[in-house]
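Undergrad: Numbering (the working numbering), first residue to last: 1 to 218. Glycine included, every Cβ here is placed at the ideal spot set by N, Cα and C.
1) Going along the chain, which unbroken runs of the alpha helix (DSSP H) with 4 or more residues stay wholly within the stretch 62-109?
2) Ends of the alpha helix (DSSP H) at residue 128?
3) Since residue 107 contacts residue 149 with CB under 8 Å, what's their CB separation in whole angstroms?
4) Is it buried or exposed, residue 111, if we count other Cβ atoms within 10 angstroms and call 16 or more buried?
5) Identify which residue in 80, 49, 131 has its Cα closest to the Cα of residue 199.
6) Report all residues from its chain with a CB closer than 6 Å to the CB of residue 229; omit the five preceding and five following residues, and keep chain order.
7) Just reading off the alpha helix (DSSP H) that residue 54 is part of, what are its end residues?
8) Quick one: grab the DSSP three-state call for residue 150.
9) Beta-carbon within less than 6 Å of residue 113's beta-carbon, same chain only, minus the 5 sequence neighbours each way: which residues are those?
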(Lines of atoms letter the chains of each structure in order from A and count residues from 1; the text may use other names and numbers.)
(Lines give C-alpha, C1' and ligand atoms only; values in the text may rest on other atoms or scores of the structure.)
Protein backbone atom coordinates (compact mmCIF):
# COMPACT_ATOMS: atom_id res chain seq x y z
CA UNK A 1 0.00 0.00 0.00
CA UNK A 2 1.40 3.46 -0.85
CA UNK A 3 2.74 5.55 2.02
CA UNK A 4 1.02 8.91 1.70
CA UNK A 5 2.46 12.16 2.96
CA UNK A 6 1.46 15.81 2.99
CA UNK A 7 2.15 18.28 0.25
CA UNK A 8 3.59 18.12 -3.23
CA UNK A 9 6.53 15.88 -4.15
CA UNK A 10 8.84 16.25 -7.14
CA UNK A 11 9.45 12.51 -7.51
CA UNK A 12 8.08 9.30 -5.95
CA UNK A 13 11.39 8.89 -4.12
CA UNK A 14 10.48 11.82 -1.88
CA UNK A 15 7.03 10.43 -1.09
CA UNK A 16 3.64 11.06 -2.60
CA UNK A 17 0.21 12.48 -1.87
CA UNK A 18 -3.16 10.99 -2.79
CA UNK A 19 -3.42 12.56 -6.23
CA UNK A 20 0.22 11.96 -7.12
CA UNK A 21 -0.29 8.24 -6.65
CA UNK A 22 -3.51 8.53 -8.68
CA UNK A 23 -1.51 10.04 -11.54
CA UNK A 24 0.94 7.15 -11.36
CA UNK A 25 -1.81 4.50 -11.38
CA UNK A 26 -3.48 6.25 -14.33
CA UNK A 27 -0.26 6.09 -16.34
CA UNK A 28 0.21 9.85 -16.38
CA UNK A 29 3.24 11.93 -15.55
CA UNK A 30 3.82 12.30 -11.81
CA UNK A 31 1.57 15.19 -10.72
CA UNK A 32 -0.86 16.19 -7.99
CA UNK A 33 -3.08 17.74 -10.71
CA UNK A 34 -3.58 14.79 -13.10
CA UNK A 35 -6.04 14.83 -15.97
CA UNK A 36 -7.61 11.54 -14.84
CA UNK A 37 -9.72 13.18 -12.11
CA UNK A 38 -12.05 16.18 -12.09
CA UNK A 39 -10.10 19.19 -10.75
CA UNK A 40 -12.55 19.93 -7.93
CA UNK A 41 -12.65 16.32 -6.73
CA UNK A 42 -8.85 16.31 -6.89
CA UNK A 43 -8.82 19.50 -4.82
CA UNK A 44 -10.89 17.78 -2.15
CA UNK A 45 -8.61 14.74 -2.21
CA UNK A 46 -5.51 16.91 -1.73
CA UNK A 47 -7.09 18.78 1.17
CA UNK A 48 -8.21 15.58 2.90
CA UNK A 49 -4.75 14.09 2.35
CA UNK A 50 -3.02 17.11 3.88
CA UNK A 51 -5.42 17.57 6.81
CA UNK A 52 -5.51 13.91 7.86
CA UNK A 53 -3.19 12.81 10.65
CA UNK A 54 -0.06 10.86 9.78
CA UNK A 55 -1.45 7.73 11.43
CA UNK A 56 -4.73 7.84 9.49
CA UNK A 57 -3.54 9.07 6.11
CA UNK A 58 -2.44 5.67 4.81
CA UNK A 59 -6.04 4.44 4.88
CA UNK A 60 -6.90 6.97 2.17
CA UNK A 61 -4.84 4.89 -0.26
CA UNK A 62 -7.77 2.48 -0.48
CA UNK A 63 -9.71 5.20 -2.31
CA UNK A 64 -7.03 6.16 -4.85
CA UNK A 65 -8.11 3.79 -7.66
CA UNK A 66 -11.70 4.99 -7.41
CA UNK A 67 -10.92 8.57 -8.48
CA UNK A 68 -9.27 7.54 -11.74
CA UNK A 69 -11.52 8.32 -14.69
CA UNK A 70 -13.90 10.54 -12.73
CA UNK A 71 -13.91 13.48 -15.12
CA UNK A 72 -16.04 14.77 -17.97
CA UNK A 73 -15.72 16.82 -21.14
CA UNK A 74 -19.40 17.82 -20.94
CA UNK A 75 -19.58 21.34 -19.50
CA UNK A 76 -22.95 20.78 -17.83
CA UNK A 77 -21.77 17.58 -16.15
CA UNK A 78 -18.54 19.35 -15.22
CA UNK A 79 -20.49 22.12 -13.50
CA UNK A 80 -22.66 19.60 -11.64
CA UNK A 81 -19.53 17.92 -10.31
CA UNK A 82 -18.13 21.28 -9.16
CA UNK A 83 -21.33 22.00 -7.28
CA UNK A 84 -21.89 18.55 -5.81
CA UNK A 85 -18.34 18.10 -4.48
CA UNK A 86 -18.41 21.53 -2.82
CA UNK A 87 -21.90 20.84 -1.54
CA UNK A 88 -20.93 17.47 -0.11
CA UNK A 89 -17.98 19.03 1.70
CA UNK A 90 -20.02 21.92 3.05
CA UNK A 91 -22.91 19.76 4.21
CA UNK A 92 -20.75 17.20 5.98
CA UNK A 93 -18.67 19.86 7.75
CA UNK A 94 -21.54 22.16 8.72
CA UNK A 95 -22.74 20.29 11.85
CA UNK A 96 -19.27 20.00 13.43
CA UNK A 97 -17.35 23.12 12.39
CA UNK A 98 -16.80 26.12 14.65
CA UNK A 99 -19.44 28.87 14.64
CA UNK A 100 -17.39 31.17 12.41
CA UNK A 101 -16.83 28.40 9.88
CA UNK A 102 -20.47 27.29 10.14
CA UNK A 103 -21.58 30.69 8.91
CA UNK A 104 -19.17 30.61 5.98
CA UNK A 105 -20.21 27.05 5.14
CA UNK A 106 -23.91 27.92 5.32
CA UNK A 107 -23.29 30.71 2.81
CA UNK A 108 -21.47 28.19 0.63
CA UNK A 109 -24.22 25.58 0.88
CA UNK A 110 -26.93 28.11 0.01
CA UNK A 111 -24.83 29.36 -2.91
CA UNK A 112 -24.52 25.78 -4.16
CA UNK A 113 -28.27 25.31 -3.78
CA UNK A 114 -29.02 28.48 -5.74
CA UNK A 115 -26.65 27.59 -8.57
CA UNK A 116 -27.92 24.01 -8.72
CA UNK A 117 -31.45 25.35 -9.19
CA UNK A 118 -30.34 27.65 -12.00
CA UNK A 119 -28.34 24.91 -13.70
CA UNK A 120 -30.92 22.13 -13.55
CA UNK A 121 -34.04 21.96 -11.34
CA UNK A 122 -33.97 18.15 -11.38
CA UNK A 123 -30.38 18.16 -10.17
CA UNK A 124 -31.34 20.62 -7.44
CA UNK A 125 -34.16 18.31 -6.36
CA UNK A 126 -31.75 15.38 -6.09
CA UNK A 127 -29.38 17.25 -3.79
CA UNK A 128 -32.20 18.84 -1.79
CA UNK A 129 -32.33 16.22 1.00
CA UNK A 130 -28.59 16.57 1.61
CA UNK A 131 -28.93 20.35 1.93
CA UNK A 132 -31.98 20.23 4.20
CA UNK A 133 -30.39 17.71 6.55
CA UNK A 134 -27.23 19.79 6.92
CA UNK A 135 -29.01 23.11 7.46
CA UNK A 136 -31.29 21.56 10.08
CA UNK A 137 -28.15 20.78 12.09
CA UNK A 138 -27.10 24.44 12.11
CA UNK A 139 -30.25 26.62 12.07
CA UNK A 140 -28.52 29.70 13.50
CA UNK A 141 -25.86 29.57 10.80
CA UNK A 142 -28.54 29.19 8.13
CA UNK A 143 -30.42 32.25 9.39
CA UNK A 144 -27.22 34.28 9.49
CA UNK A 145 -26.27 33.18 5.98
CA UNK A 146 -29.68 34.04 4.51
CA UNK A 147 -29.58 37.48 6.16
CA UNK A 148 -26.05 38.06 4.91
CA UNK A 149 -26.79 37.02 1.33
CA UNK A 150 -29.91 39.15 1.32
CA UNK A 151 -28.14 42.21 2.72
CA UNK A 152 -25.37 42.17 0.12
CA UNK A 153 -27.72 41.14 -2.69
CA UNK A 154 -25.48 38.17 -3.50
CA UNK A 155 -28.31 35.97 -4.73
CA UNK A 156 -28.51 37.70 -8.08
CA UNK A 157 -24.86 37.98 -9.08
CA UNK A 158 -22.92 35.20 -7.35
CA UNK A 159 -21.32 33.10 -10.07
CA UNK A 160 -20.23 29.59 -9.14
CA UNK A 161 -16.68 28.91 -10.31
CA UNK A 162 -14.01 26.31 -9.50
CA UNK A 163 -12.53 28.89 -7.13
CA UNK A 164 -15.88 29.07 -5.32
CA UNK A 165 -15.85 25.30 -4.95
CA UNK A 166 -12.24 25.26 -3.75
CA UNK A 167 -13.00 27.87 -1.09
CA UNK A 168 -15.94 25.87 0.26
CA UNK A 169 -13.84 22.70 0.24
CA UNK A 170 -10.96 24.36 2.08
CA UNK A 171 -13.19 25.77 4.82
CA UNK A 172 -15.04 22.46 5.14
CA UNK A 173 -12.01 20.21 5.40
CA UNK A 174 -10.23 22.53 7.83
CA UNK A 175 -13.47 22.79 9.79
CA UNK A 176 -13.66 19.03 10.22
CA UNK A 177 -9.97 18.53 10.94
CA UNK A 178 -9.90 21.26 13.62
CA UNK A 179 -13.32 20.55 15.15
CA UNK A 180 -13.67 19.47 18.78
CA UNK A 181 -14.68 15.92 17.86
CA UNK A 182 -13.18 12.52 18.57
CA UNK A 183 -13.00 11.22 15.01
CA UNK A 184 -11.92 13.93 12.52
CA UNK A 185 -9.85 11.48 10.45
CA UNK A 186 -12.77 9.09 10.07
CA UNK A 187 -15.04 11.95 9.02
CA UNK A 188 -12.55 13.16 6.44
CA UNK A 189 -12.30 9.66 4.99
CA UNK A 190 -16.09 9.36 4.79
CA UNK A 191 -16.35 12.82 3.20
CA UNK A 192 -13.94 11.88 0.42
CA UNK A 193 -15.59 8.50 -0.05
CA UNK A 194 -19.03 10.10 -0.35
CA UNK A 195 -17.79 12.77 -2.75
CA UNK A 196 -16.20 10.11 -4.96
CA UNK A 197 -19.47 8.22 -4.98
CA UNK A 198 -21.43 11.39 -5.79
CA UNK A 199 -19.24 11.89 -8.84
CA UNK A 200 -19.68 8.28 -9.92
CA UNK A 201 -23.45 8.68 -9.70
CA UNK A 202 -23.37 11.86 -11.80
CA UNK A 203 -21.10 10.23 -14.37
CA UNK A 204 -23.18 7.06 -14.51
CA UNK A 205 -20.38 4.81 -13.23
CA UNK A 206 -21.48 1.47 -11.87
CA UNK A 207 -20.97 1.12 -8.14
CA UNK A 208 -23.99 -0.91 -6.98
CA UNK A 209 -22.70 -1.58 -3.49
CA UNK A 210 -21.98 2.11 -2.76
CA UNK A 211 -24.66 4.23 -4.42
CA UNK A 212 -27.24 2.94 -1.95
CA UNK A 213 -25.49 5.03 0.72
CA UNK A 214 -26.47 8.23 -1.08
CA UNK A 215 -30.23 8.43 -1.59
CA UNK A 216 -29.97 12.15 -2.25
CA UNK A 217 -28.13 11.50 -5.50
CA UNK A 218 -28.95 7.91 -6.45
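TA: To lay it out plainly:
1) 64-67, 75-93
2) 121-136
3) 6 Å
4) buried
5) 80
6) Coverage of the chain is limited to positions 1 through 218, which leaves residue 229 absent and any answer about it impossible.
7) 54-57
8) helix
9) 131
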